[in-house]
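All remarks here apply to the structure that follows.
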Amino acid sequence: MCVIETSPVVETRRLVLRAPAPQEAPVIARLADDEAITRMTLRMPHPYALADAEAFVVNVAAQDPARAHTFLICHEDLGPVGVIGLFEDADLAPEVGYWIGRPFWGRGFATEALEGALVWAARRWKRRVLLSGHFADNPASGRVLEKAGFLYTGEVRNQFSLARNAPVRTRRMVWLA
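If you use the working numbering, the sequence shown corresponds to residues 39 to 215, in order.
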C-alpha cells in the first residue's frame, strides 16, 4: 500500500519546509509584495495583496498530494522566508518553483530549501526527474538550480509572467535523482 503524505514536513540544517497556515497569510503577503520577487515568477501577480496570500494558503491546502506539494520555507530564528513548490503541469515531469523574500537574499536559503525538497521528492514523493527553469534575466536563480544539481537542457521557452504581463525567455533545466 502506498501512503501519500498530505502535509509533509522537511527539515534541513537551518530550515523547515511545511504547509503554510492561514494565520501566516499576512507575512507571506508582506514578503511577496515586492516586484523584484514577483517579476521573476510565472504565477504571482504584482502587487501581491493579502487576498492573494489568503487564496494561496487555501489553494495549497486543496492540492492533490499525488500531484503537488507547496511548502512555506521557515528559518529557525527568522520565521517564514519564502516558498517552494513541486507540481505536475503540462510537462512530462513535475516542476519546481521557489522564491525567497528580499530581506533574506544572499544567505543560501533558496539552495538549502531546494536541496531539502529534492531529497524529499526522491525519497518520499518517489520522483526521479524534476524540471525547473529561470528567466534569462535572473541568472541568480540559475546558480541556485545548478548548486542543487540541475542541468541545462538547452531549451529556452517564452513563458508568460503574470507580474510582467508578458512572455519571458525561460532557460529550462532538469534534475535526475
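No residue lacks a Cβ here, since even glycine has one placed at the ideal position from N, Cα and C. Note that this is a predicted model, so its numbers are computed, not measured.
| query | result |
| --- | --- |
| Report the residue from V134, H84 and A201 whose alpha carbon sits nearest the alpha carbon of R153. | The sequence as given places Glu at residue 153; Arg does not occur at that position. The residue with the shortest Cα to Cα distance from E153 is V134. |
| Let me confirm a value: G139 is counted as buried when at least 16 other C-beta atoms fall within 10 Å, else exposed. Which label applies? | buried |
| Expressed to the nearest angstrom, what Euclidean distance is found between the alpha-carbon atoms of W143 and P46? | 25 Å |
| Taking its Cβ as the centre, do 16 or more other Cβ atoms sit within 10 Å of L214, making it buried, or is it exposed? | exposed |
| Taking the straight line between their C-alpha atoms, what separation do you get for W158 and N97? | 21 Å |
| Which one or two residues does DSSP pair with Y190 in a beta bridge? | M211 |
| How big is the Cα-Cα spacing for T149 and L110? | 14 Å |
| Taking 6 Å as the limit between beta carbons, can you name the residues of its chain near G123, skipping five residues before and five after? | T108 and G135 |
| Is the Cβ-Cβ distance between A174 and P83 less than 8 Å? | no |
| DSSP state of G180, grouped into three classes? | helix |
| Measure the alpha-carbon distance for P118 versus I66 and round it to whole angstroms. | 8 Å |
| Terminal residues of the continuous beta strand (DSSP E) containing T108? | A106 to H113 |
| Please state whether the Cβ-Cβ distance between A63 and L88 is less than 8 Å. | yes |
| Consult DSSP for A204 and reduce its assignment to one of helix, strand or coil. | strand |
| Given a cut-off of 8 Å on the beta-carbon distance, is the pair T79 and W137 in contact? | yes |
| Name, in chain order, the residues that DSSP records as bridge partners for Y136. | I122 |
| Taking the alpha carbon of V206 as the point to measure from, which residue in R181, K164 and R81 has its own alpha carbon closest? | R81 |
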